[in-house]
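A.B. asks: One structure coming up, written as structure tokens, with questions to follow.
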Ligand code: KG4
Ligand code: ZN
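Numbering (the working numbering), first residue to last: 31 to 416.
See the structure below:
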């Protein structure tokens, strides 16, 4: 089964095509194409993602990106131009009325392509920035109409949750041997959550941030220290040069008896500290970055370990942009190795930590294959991802 996936929830425009074969969960995912266009440079001047710029950029780049992806997958073929009948044209105009540039490109390009041999279109339907999400959703719907292929809405966080469970094979990916329950620590620019996955497709939210997401805190602290967006990799780079323990920032909610988080106070503590210190030397910036990163890694690790113990998790997965953070990887892995060596800790491959479309295709395949095989009505059995 070939799946085309579209991801536009934030500041990456991403499209992938996978071919999945075999019985779930022992199926293989062959990557036919996978491309991501980042808008980081456009958002740098705002110090964060500016939703209307994100929307405009998705609308501008989706059609050319799709063309490149189809070419990469060997599925791009120009047909003799066939004119769209006017009822269909009207429907597209209505569907894409908020994205005039996308509509213009769609109408002039897509009808000239042969409908590709694809069985399903998967699109991120949330969570994310509303204006950005809608561009991808409307694009998917319009493609579905012209190519007569069904669309499956996919939860972005489910993509982040499933990618660390993948192992790479020759030319593709497959799920490793997974022991349930799986505990997911999902850490991104918009989310910080602990999710329990008792079996395929069954998710329970154990705790989440009460204010800022941890990625958001990285981005805000970076701004305070005069570093560009996105702050995560910048803070990590600086922290490598810092000395641990030179500053002692708070570890918010470390000992709270729940699985919730809070990162806004930590960010404010950095703000006050920098105000007290006045002009910062490079060394001070490095030491602040180091303790901030240590504070995040410590709180995330502590809560994850406690949740894993309380819920008897056999596997821990970490997903979302902040899972790229090497300090978090190191602290969580070493802590778990020392305290609970029987629990497997898994992180996504380097390019799958931050937003991408492969994870959306894999989530769609999982949903499709699993619901078919076990005849499970996901809407009834999942409490979280719909
Ligand atoms: O999952 P993601 O790509 O987008 C959202 O769904 O939000 O996550 C983006 C977040 C940003 O806040 C970024 O600063 C953070 O992930 N990030 C990192 C690192 N790389 C990206 N945070 C800490 N360390 C990193 N190496
Ligand atoms: Zn994400």
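In this text, a Cβ means the ideal position worked out from N, Cα and C, and glycines have one as well.
1) Below 7 Å CB to CB, which residues in the same chain sit around residue 73 once its five sequence neighbours on both sides are set aside?
2) In angstroms with no decimal places, state the Cα-to-Cα distance between residue 209 and residue 219.
3) Using the rule of at least 16 other Cβ atoms within 10 Å of the residue's Cβ for burial, across every protein chain shown, is residue 244 buried or exposed?
4) Specify the secondary structure class of residue 79 as computed by DSSP and reduced to three states.
5) Among residues of its own chain, excluding the 5 on either side of residue 321, which ones have a beta-carbon nearer than 8 Å to its beta-carbon?
6) Of all the alpha helix (DSSP H) runs that stay within the bounds of the stretch 276 to 358, which reach a length of 4 or more residues?
7) Please find out if some non-hydrogen atom of ligand 1 comes closer than 8 Å to the beta-carbon of residue 383.
8) Tell me whether residue 326 counts as near ligand 2, meaning its Cβ is closer than 8 Å to at least one heavy atom of that ligand.
9) Between residue 42 and ligand 1, is there a pair consisting of the residue's CB and a ligand heavy atom that are separated by less than 8 Å?
10) In terms of residue numbering, what span does the beta strand (DSSP E) encompassing residue 160 cover?
11) Any idea what DSSP makes of residue 32, helix, strand or coil?
12) Where does residue 108 land, buried or exposed, given buried means 16+ other C-beta within 10 angstroms?
13) Label residue 311 either buried or exposed according to how many other C-beta atoms from any shown protein chain fall within 10 Å of its C-beta, with 16 as the threshold for buried.
14) Taking 8 Å as the cut-off, does the stretch 188 to 207 touch the stretch 379 to 397 (at least 3 CB pairs, one atom from each stretch)?
15) Once you ignore the five residues that flank residue 295 on each side, which residues in its own chain have a CB closer than 7 Å to its CB?
16) May I ask you to check if the CB of residue 220 is nearer than 8 Å to at least one heavy atom of ligand 2?
17) How is the alpha helix (DSSP H) around residue 243 delimited, first residue to last?
18) Among the residues of its own chain, which have a CB less than 8 Å from the CB of residue 161, if the five just before and after it don't count?
19) Would you kindly work out how many angstroms separate the C-alpha atoms of residue 442 and residue 145, rounded to a whole number?
20) Three Cβ pairs or more, each shorter than 8 Å: is that satisfied between the stretch 120 to 136 and the stretch 172 to 185?
21) Between residue 190 and ligand 2, is the CB less than 8 Å from at least one heavy atom?
C.D. replies: Inspection of the coordinates gives the following:
1) As a first step, residue 73 is located in the chain shown; it is residue number 43 there, counting from the start. Contacts found: 41, 79, 80, 83 and 259.
2) As a working mapping, residue 209 is identified with position 179 in the chain shown. As a working mapping, residue 219 is identified with position 189 in the chain shown. Cα-Cα distance, rounded: 28 Å.
3) Along the chain shown, read from residue 1 onward, the residue named residue 244 stands at position 214. Buried is the call here.
4) By one-based count along the chain shown, residue 79 stands at place 49. Coil at residue 79, not helix or strand.
5) Taking the first residue of the chain shown as 1, we reach residue 321 at position 291. 272, 274, 275, 276, 277, 278 and 279, listed in sequence order.
6) 294 to 307 and 312 to 341
7) As a first step, residue 383 is located in the chain shown; it is residue number 353 there, counting from the start. Yes.
8) Indexing the chain shown from 1 puts residue 326 at position 296. Incorrect: residue 326 has no Cβ contact closer than 8 Å to ligand 2.
9) For the purposes of this step, residue 42 is taken as residue 12 along the chain shown, with counting starting at 1. Checking the Cβ of residue 42 against ligand 1 gives yes.
10) Here the question's residue 160 lines up with position 130 in the chain shown. No beta strand (DSSP E) contains residue 160, which is instead part of the alpha helix (DSSP H) from 160 to 177.
11) For the purposes of this step, residue 32 is taken as the residue at position 2 of the chain shown. Of the three classes helix, strand and coil, the one that applies to residue 32 here is strand, per DSSP.
12) Position 78 of the chain shown, counting from 1, holds the residue named residue 108. By the 10 Å Cβ count, residue 108 comes out exposed.
13) Walking along the chain shown from the start, residue 311 turns up at place 281. Taking a 10 Å sphere around the C-beta of residue 311, we find fewer than 16 other C-beta atoms and assign the residue as exposed.
14) yes
15) Looking up residue 295 in the chain shown gives position 265. Answer for residue 295: 280 and 282, listed in chain order.
16) Here residue 220 refers to the residue found at position 190 when the chain shown is read from its first residue. Answer for residue 220: yes, Cβ within range of ligand 2.
17) The residue you call residue 243 lines up with position 213 of the chain shown. Residue 243 -> no alpha helix (DSSP H), and no H or E assigned at all.
18) Taking the chain shown and counting its residues from 1, one reaches residue 161 at position 131. Here the set comprises 81, 82, 84 and 85.
19) Outside the displayed range of the chain (31 to 416) lies residue 442, so it cannot be described from this structure.
20) yes
21) The count along the chain shown starts at 1 and reaches residue 190 at position 160. Between ligand 2 and residue 190, a heavy atom-to-CB distance of less than 8 Å is present.
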